[in-house]
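Okay, so the sequence shown: first residue is 932 according to my numbering, each after it adds one. Even for Gly, the Cβ is constructed at its ideal location relative to N, Cα and C. Worksheet: the structure to be examined is printed underneath.
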Amino acid sequence: TLPIDQPSVIAVTVSYTVAALGRPGPVFVEGQEIERVRVVAMPGGATRTAFITRTGRELVPAGR
């Protein structure tokens, strides 16, 4: 439920596996194999992207 008497912030997050991209072979970022990609978007804000490795480490591209 969203309050109607005060501002609310809404963020949309989507996470998908690299296999869903339909690309052959593994994808690497900073020398680490990527398993999932997460994108977060907020109205009026910058979109943030994070790459999740097979070991669970989160890599965020510089400048984002």
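Counting other Cβ atoms within 10 Å of its Cβ, phenylalanine 982 reaches 16 or more and is therefore classed as buried. Leucine 990 is bridged by DSSP to Phe982. Assignment of alanine 951 by DSSP, reduced to helix, strand and coil, places it in the helix class. Judged by DSSP in its simplified three-state form, serine 946 adopts strand. By the Cβ rule, the segment 966-983 counts as touching the segment 936-951, because three or more pairs are nearer than 8 Å.
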